[in-house]
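2 protein chains.
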Amino acid sequence: MTKESKIPNPTIERLAFYSRPLEALLKGGPPVISSEKLAGLCGVNPAQVRKDLAYFGEFGVRGVGYEIRDLLKEIKGILATDREWTLCIVGMGNLGISLVENENFKKRGYLFVAAFDSDTRKIGRQLPCGLTIEPERKIRELVRELGIEIGVITTPSRAAQRVTEILSDAGVKAILNFAPIQVRTPESCIVENVDFSVKLENLVYHLERLYKGKKNG
Amino acid sequence: MTKESKIPNPTIERLAFYSRPLEALLKGGPPVISSEKLAGLCGVNPAQVRKDLAYFGEFGVRGVGYEIRDLLKEIKGILATDREWTLCIVGMGNLGISLVENENFKKRGYLFVAAFDSDTRKIGRQLPCGLTIEPERKIRELVRELGIEIGVITTPSRAAQRVTEILSDAGVKAILNFAPIQVRTPESCIVENVDFSVKLENLVYHLERLYKGKKNG
DNA sequence: CGATTCATGTGCATTATTTCACAATATTAG
DNA sequence: CTAATATTGTGAAATAATGCACATGAATCG
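Residue numbers (my numbering), protein chains in the order written: chain S, -13 to 203; chain F, -13 to 203.
The following block contains the structure:
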């Protein structure tokens, strides 16, 4: 193994980032890419690209560049996106539906195998993707039965912590939380929070500075 | 003005983050909170909270803490979320619909005043929130007429760059892009990208390390 | 086959961010 | 009024992340 002992977190995020243009480049164009080109496509520094990749091995050829096909394979191996993952989702409002129906997820191997809601009017409804909405009390049973590894939360904030506990109790190993609240998990379960409004707040902060002619970034 | 010259970007993101529990604390409970308590609720270091706030002024009282009501007001002033912002959205698939119908946005003053799509079958359809889906060719006209400041992109990847250009040409000052591609904007228009899959890829990277018993990450 | 060009991998300097630790100030108790 | 306690604001240390600059090895040209 290479020097995988102290890998910056931003590096992991960028790896995912790099893979996007690489996928596009697979279809046509030259089979090799330089760190400079790839960096340009992702809006980062070329040295950054090289350093990020070098944490995991020597994937390039000096004087030449990186073989796109191989590089993508390596990145997918590193990120563990070269296999399929089974997910479930809790909270079948508009956002929940948009996620289970999302083609990008399916394409990348993230398979939703169960959908839950607490609203009795929704339970039993069949979704276009083929899933049937199940009641929340079936979470434990289905997580075990279907070997679900990741839980996605798209409930209102007030339900998010409760659902987190049900999911982690049931044996889910990771949670992606879209409710605008920081949920707590036991050691055995890792969590990522996604909060759209935070991104908007970031934008409007910077917008406001622009309007006022301040120069901070 | 205080030392607003060199504010770390993570600070801005955390300010938004801090405001979440503060809003909840407004309704009941003591009127004052310490940096330690707030830090606990947000999972950060107390010194971090104090330093973040100190960039913008002295909002606390030594030996006492921060008046929740005042602090929230200050944060909202800083982030410019104490006013309303007018947004439009392009790409009315499931995700687009879930965003315009989202109550959190409305509650926080982000008002969607126009929705666009290129699919003729969708144009003219009325949404539960009251908006009617307009054709993309009306973007320029409506951005001007309605004074739209922020554009949200929920189209497929292949359309995202084109739509970005239409929006920034039309005079939109900021773009929130949900398509999994890095869009480029002219200087006059700032952009934030949100890519759900990146978060998932982060999770599975760490999951895989756990499974394999490695200790990085 | 030597010279030139290209582009990687990486040590090191630089820059950015976080955390510590403590003086300063308010409150409470005696 | 003094001592004890709580908690902020902040300089300085520690940690993390980025970017430069160059030695290194591959490819190409004459």
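A virtual CB, placed ideally from N, CA and C, is assigned to each residue, including glycine.
Whole angstroms are fine: how far does the CA of residue j sit from the CA of residue i?
i: Ile119(S); j: Ile109(S); result: 5 Å
i: Lys124(F); j: Gly77(F); result: 13 Å
i: Lys(-8)(F); j: Ile61(F); result: 17 Å
i: Val99(S); j: Arg6(S); result: 25 Å
i: Tyr206(F); j: Lys23(F); result: Only positions -13 to 203 of chain F appear in this structure, which leaves residue 206(F) out of reach.
i: Leu193(S); j: Pro172(S); result: 38 Å
i: Asn90(S); j: Arg195(S); result: 35 Å
i: Leu189(S); j: Phe182(S); result: 11 Å
i: Arg107(F); j: Cys115(F); result: 19 Å
i: Gly49(F); j: Ser20(F); result: 9 Å
i: Pro(-6)(F); j: Gly29(S); result: 19 Å
i: Gly15(S); j: Leu8(S); result: 11 Å
i: Arg69(S); j: Lys13(F); result: 46 Å
i: Tyr197(F); j: Asp105(S); result: 35 Å
i: Glu38(F); j: Lys59(F); result: The sequence as given places Asp at residue 38(F); Glu does not occur at that position. Going from the Cα of Asp38(F) to the Cα of Lys59(F) covers about 15 Å.
i: Glu87(F); j: Arg111(F); result: 14 Å
i: Asn163(F); j: Ile139(F); result: 5 Å
i: Ile167(F); j: Pro17(F); result: 44 Å
i: Gly43(F); j: Glu187(S); result: 19 Å
i: Lys92(S); j: Arg148(S); result: 27 Å
i: Gly79(S); j: Pro(-4)(F); result: 31 Å
Look at residue i and residue j and say whether their C-beta atoms are less than 8 Å apart.
i: Leu97(F); j: Trp71(F); result: yes
i: Ile161(F); j: Thr150(F); result: yes
i: Leu81(S); j: Ser84(F); result: yes
i: Ile64(S); j: Leu153(S); result: no
i: Leu57(F); j: Phe45(F); result: yes
i: Ala165(F); j: Arg126(F); result: no
i: Tyr191(F); j: Ile(-2)(S); result: yes
i: Ile54(F); j: Leu117(F); result: no
i: Ala146(F); j: Val180(F); result: no
i: Phe102(S); j: Glu122(S); result: yes
i: Ala40(S); j: Pro32(S); result: no
i: Val35(S); j: Tyr4(S); result: yes
Counting only beta-carbon separations shorter than 8 Å, does residue i have a partner in chain F?
i: Ile83(S); result: yes
i: Thr(-12)(S); result: Annotation note: pLDDT 48 at Thr(-12)(S) (below 50); position unreliable, no value reported.
i: Phe3(S); result: yes
i: Glu70(S); result: no
i: Glu87(S); result: yes
i: Arg148(S); result: no
i: Arg94(S); result: yes
Under 8 Å between C-beta atoms, does residue i make it to chain S?
i: Glu(-1)(F); result: yes
i: Phe45(F); result: no
i: Pro(-4)(F); result: no
i: Arg6(F); result: yes
i: Phe91(F); result: yes
If residue i sits next to residue j, beta carbons under 8 Å apart, how far is it from one beta carbon to the other, in whole angstroms?
i: Lys185(S); j: Glu178(F); result: 5 Å
i: Thr141(S); j: Gly95(S); result: No, Thr141(S) and Gly95(S) are not in contact; Cβ-Cβ is about 25 Å, not under 8 Å.
i: Leu128(S); j: Cys74(S); result: 7 Å
_Can you pull out the residues from the stretch 155 to 167 of chain F whose beta carbon lies closer than 7 Å to at least one beta carbon of chain S?_
Lys159, Ala160, Leu162, Pro166 and Ile167
_Taking beta-carbon pairs under 9 Å, can you tell me which members of the stretch 17 to 34 of chain F lie near chain S?_
Leu27, Cys28 and Gly29
*Could you name the residues of the stretch 174 to 199 of chain F whose beta carbon sits closer than 8 Å to any beta carbon of chain S, in the order they occur along the chain?*
Ile176, Glu178, Val180, Asp181, Phe182, Ser183, Val184, Lys185, Leu186, Glu187, Asn188, Leu189, Val190, Tyr191, His192, Leu193, Glu194 and Leu196
_Output needed in chain order: residues of the stretch 48 to 73 of chain S with a Cβ under 8 Å from some Cβ in chain F._
Ile64, Leu65, Ala66, Thr67 and Trp71
*asked:* So if I threshold CB-CB distances at 8 Å, which residues from the stretch 127 to 143 of chain S count as touching chain F?
replied: Glu135 and Ile136
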